[in-house]
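The sequence shown: position 36 = 36 (our numbering), numbered continuously. Every residue, glycine too, gets a C-beta built ideally from N, C-alpha and C. So the structure is just underneath, and the comments pick up after that.
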Amino acid sequence: MNFVSSWSGGKDSCYAMMQAVAQGFVPKVLLNMMNENGKISRSHGLPLSILKQQAQKMNLPLEAIPATWNDYEAKFIDILKRLKTNYNLDSAVFGDIDLQDHKDWEDKVCQAVSIKAVLPLWQQDRIVLVNEMLENGIITMIVSCNPMMGEDYLGKILTKELAKELLEKGIDPCGENGEFHTLVLNCPLFSEAIELPNFTKITHNDYCFIVWEE
1 MNFVSSWSGG KDSCYAMMQA VAQGFVPKVL LNMMNENGKI SRSHGLPLSI LKQQAQKMNL
61 PLEAIPATWN DYEAKFIDIL KRLKTNYNLD SAVFGDIDLQ DHKDWEDKVC QAVSIKAVLP
121 LWQQDRIVLV NEMLENGIIT MIVSCNPMMG EDYLGKILTK ELAKELLEKG IDPCGENGEF
181 HTLVLNCPLF SEAIELPNFT KITHNDYCFI VWEE
């Protein structure tokens, strides 16, 4: 079963991909939806240079597709069609855990091109899942978060202790509801860790972000 990974650059898409590989699926290509100018990823605010590093460490091609929210779905379906043909794909792997709207959308876009949506993390316990990710060698850093968490959390490496701290504060330790997003620095899929540029921190439109130097 050849698959495209819906690759955010963060822990959930990474662990979903690791789980799919463990189940015998074969990764062929990474797909990331970028903002309109194609410079940073739409969900995690990661520059193309970092996403390319991750892809290179996995020896996989990366498709980074600029899109607005208005044409996001149409572009996603178009690129899935092309990737299905180019890589003989059977499936697409997503890192969602329990947001039904997301699963419904993923099923819909995959059905449009006659491939299967695979969600290896679906409906698993979130704190158990985070601990599994860390135990399985994912090293990941918080790169954006809501104001309730604040800029102090940006740049922190996710640990079991930090996940427990978030849970005790009433924050989902997976960030599944958008509380925070992460960047995978290293994992068993990588040949070696990525190198990070310098960064600063900002709060913009009621959300805290790392801004990477180019």
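Distance, Ile139 Cα to Glu36 Cα: 29 Å
Complete beta strand (DSSP E) runs within the segment 142–186 (minimum length 3 residues, chain order): 180–186
Distance CB(Ile142)-CB(Pro173) smaller than 7 Å: no
Helix, strand or coil at Leu222 [DSSP, three-state]: The question about residue 222 has no answer, for the chain in this structure spans 1 to 214.
Classification of Thr85 by the beta-carbon crowding that lies within 10 angstroms, buried from 16 upward: So Thr85 counts as exposed.
Helix, strand or coil at Lys255 according to DSSP, with G and I counted as helix: Since the displayed the chain opens at 1 and closes at 214, residue 255 lies outside it and no answer follows.
Distance between Asp152 and Phe3 (C-alpha atoms, nearest Å): 37 Å
Alpha-carbon spacing of Gln124 relative to Asp12, whole angstroms: 12 Å
As assigned by DSSP and simplified to three states, the class of Met58: coil
Stretch-stretch touch, CB-based, cutoff 8 Å, three pairs: the segment 57–68 with the segment 89–105: Three or more Cβ pairs closer than 8 Å define a contact, and the segment 57–68 falls short of that threshold against the segment 89–105.
Ala67 - DSSP class collapsed to helix/strand/coil: coil
Contacting residues, own chain, Cβ-Cβ under 8 Å from Ile79 (five flanking each side not counted): Taken in chain order, the residues that qualify are Leu31, Glu63 and Ile65.
Residue interval of the alpha helix (DSSP H) (run including Val29): No alpha helix (DSSP H) holds Val29; the beta strand (DSSP E) holding it covers Val26 to Met34.
Cα-Cα separation, Val211 to Gly24: 37 Å
Trp105 in three-state terms, based on DSSP: helix
Residues near Ile171 by beta carbon distance below 6 Å, same chain, minus five either side: Closer than 6 Å at the Cβ level, and outside the excluded window around Ile171, lie Glu179.
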